[in-house]
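In the numbering used here, the protein residues as written are 3 to 446.
Here the structure comes first, spelled out in structure tokens, and everything after it is commentary.
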Ligand code: NAD
């Protein structure tokens, strides 16, 4: 694959001033929007589409009280952003994190619109979050936060309107509590299982899909495998990789890449530290260590290294699977990898992206690489809607089809427009949305 010239440091898009966007260049929403608007410009999309997609349809902010274990009540802040529903109901995860704020949730919602369109599932984009540190809460407190947040959102979500799922620090158990809360409040609660279709990523016992837990990590690897020839690799056997974040996405991607395809993980980093073993880190043993100790630090069969040493470790592929904006210009200049496969959402800032491009490092963008989770969420929703249950082989096969087709669509756009893979993925996604708007029109 040829390396493209880095885009020039961006000139502020006039749409930002028209819509009164903040001038802070580090604002995540402005950064996310900028990439989308650049793709719109290249495609010559109409101005009305640019302004519609540059702002979410609804931004919902709620405050809700929760009784803590010691008896006092604490007020929590939560968000749900519904970005666009031209292709279908809003869809996107809910995260629990102390740093959750509106601009981040807006960015993640916009990414969901692009992601769903790129993998051609009939959903729009949404995202939500609660500002809290679940590590500081007991299991009962997490349950009460989950249920109260769901109750606060009740009138804004629905199984055919807005369908949340897990994200950072939320999981199948939390989806179960939220789905149960929604079903208990629903007017049609004679049909509780249908009401529970409002959440995906549920436990299998209450309608969750087989394969959902590993789906995002699996999709990262399906995408990498499909793109290997275009990236100049012969096959996965013996490829080295490193990982940022060893949570749901990271640990599944690592285990599938290493155990099923013979790749070798040599370094990993998370909020507890960074570790290195040039001979290879046992991905299953590390998952057990993280489950027992809360992070990768202290893993016995590896050496502790600094963050800088982690980024400078030579690997074929680096998979960021933690939080947003981690790869800025400085980290991009440290990175010693041929390819970055974005398991996390928005892990690379525009200045980081420009530095990577200058250095000829290919980036498989998040809207492509991590679309496996929402794809299997869609499968869960279809199974719930049709009262069926697919076996794991069917889920994996259909997931692979969606990921492979999305990767091919991206390569076609890349070739046609002569752009980097991130812009190409946005173009492939926007093309589908633009066609939907062309036939739907804009009411009235
Ligand atoms: P998770 O909570 O399971 O894991 C998050 C990981 O990030 C943990 O390993 C944590 O240690 C690490 N981390 C947190 N702060 C860090 C820091 N400062 N430095 C290094 N590591 C840090 O979350 P997840 O579900 O695996 O999500 C990870 C990313 O993938 C997020 O960007 C999320 O939006 C995205 N994503 C998740 C899914 C999904 O299905 N879970 C789907 C698509 C995208």
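By construction, the Cβ of each residue, glycine as well, lies at the ideal position given by its N, Cα and C atoms.
What you are looking at is a predicted structure, and each value in this text was computed from that prediction instead of being measured.
Among the options, which has the Cα closest to the Cα of residue i?
i	options	result
residue 135	47, 101, 156, 229	101
residue 218	243, 322, 234	322
residue 383	63, 214, 82	214
residue 159	206, 172, 91, 179	91
residue 346	161, 20, 169, 58	169
residue 292	272, 442, 263, 29	272
residue 389	209, 171, 30, 167	209
residue 185	206, 153, 203	153
residue 260	241, 250, 248, 270	241
residue 368	426, 300, 381	426
residue 29	45, 103, 314, 308	103
residue 123	445, 443, 285, 381	381
residue 350	96, 267, 269, 246	246
residue 58	105, 73, 76	105
residue 1	395, 243, 137, 251	The structure shown does not extend to residue 1, since the chain is modelled only from 3 to 446, so the question has no answer here.
residue 433	25, 48, 72	48
residue 307	285, 297, 269	269
residue 177	96, 299, 163, 385	96
residue 121	438, 391, 372	372
residue 199	385, 429, 413	385
residue 46	71, 429, 396, 72	429
residue 358	227, 325, 324, 313	313
residue 297	140, 274, 311	274
residue 442	89, 72, 27, 24	89
residue 277	393, 162, 303	303
residue 393	305, 446, 206	206
Spell out the partners DSSP gives residue i in its beta bridges.
i	result
residue 338	316
residue 69	75
residue 276	271, 307
residue 129	83
residue 244	269, 320
residue 38	Per DSSP, none; premise fails for residue 38.
residue 374	Per DSSP, none; premise fails for residue 374.
residue 165	93
residue 160	164
residue 62	82
residue 329	350
residue 431	Answer by DSSP bridge pairing: none, since residue 431 is not bridged.
residue 343	366
I need the boundaries of the alpha helix (DSSP H) containing residue i, first residue and last residue.
i	result
residue 211	Per DSSP, residue 211 belongs to no alpha helix (DSSP H) and is neither H nor E.
residue 113	104-120
residue 353	352-360
residue 287	285-295
residue 92	Looking at the DSSP string, residue 92 is not in any alpha helix (DSSP H); the run it does join, the beta strand (DSSP E), is 92-99.
residue 200	Note, residue 200: premise wrong, no alpha helix (DSSP H); not H, not E.
residue 144	141-155
residue 366	First-last for residue 366: 364-366, but that is the beta strand (DSSP E), not the alpha helix (DSSP H).
residue 254	250-257
residue 57	Here residue 57 belongs to no alpha helix (DSSP H), and DSSP marks it neither H nor E.
residue 232	Residue 232 -> no alpha helix (DSSP H), and no H or E assigned at all.
residue 445	Element bounds for residue 445: n/a, residue is neither H nor E.
residue 410	394-419
residue 205	From DSSP, residue 205 is part of no alpha helix (DSSP H); its letter is neither H nor E.
residue 239	Careful: residue 239 lies outside any alpha helix (DSSP H) and carries neither H nor E.
residue 18	16-20
Just to confirm the assignment, what range does the beta strand (DSSP E) spanning residue i have?
i	result
residue 82	75-86
residue 186	Run containing residue 186: none in the beta strand (DSSP E); it sits in the alpha helix (DSSP H), 174-187.
How close, in whole Å, do the beta carbons of residue i and residue j come, if the pair is a contact with beta carbons under 8 Å?
i	j	result
residue 34	residue 109	4 Å
residue 64	residue 80	5 Å
residue 187	residue 151	Actually they are not in contact, since the Cβ atoms of residue 187 and residue 151 sit about 13 Å apart, beyond 8 Å.
residue 253	residue 289	5 Å
residue 263	residue 223	7 Å
residue 78	residue 144	Their Cβ separation, rounded to whole angstroms, is 11 Å, which puts residue 78 and residue 144 out of contact at 8 Å.
residue 409	residue 225	5 Å
residue 348	residue 113	7 Å
residue 174	residue 221	The Cβ separation is near 18 Å, so there is no contact.
Taking 8 Å as the threshold (beta carbon to beta carbon), is residue i in contact with chain C?
i	result
residue 385	Of the chains in the structure shown, none is chain C; there is only one protein chain.
Considering only heavy atoms of the ligand ZN, does any lie closer than 7 Å to the CB of residue i?
i	result
residue 372	Ligands in the displayed structure: the ligand NAD; the ligand ZN is not one of them.
Query raised in the report: With contact counted as at least three CB pairs below 8 Å, one residue from each stretch, are the stretch 392-404 and the stretch 365-381 in contact?
Result: yes
Query - Segment contact flag, the stretch 122-138 with the stretch 68-86, C-beta cutoff 8 Å, min 3 pairs - result: yes
Query raised in the report: Quick check: the stretch 354-366 against the stretch 338-345, are there 3 or more CB pairs under 8 Å?
Result: By the Cβ test, the stretch 354-366 is in contact with the stretch 338-345, since at least three Cβ pairs between them sit closer than 8 Å.
Query raised in the report: Pairing CB atoms from the stretch 277-289 with CB atoms from the stretch 350-358, are three or more of them under 8 Å?
Result: no
Query raised in the report: Below 8 Å, can you find three or more Cβ-Cβ pairs linking the stretch 329-336 to the stretch 231-241?
Result: no
Query - Stretch pair the stretch 50-58 + the stretch 13-25: three plus CB contacts closer than 8 Å - result: yes
Query raised in the report: Is it true that the stretch 415-425 meets the stretch 35-42, where meeting means three or more beta-carbon pairs spaced less than 8 Å apart?
Result: yes
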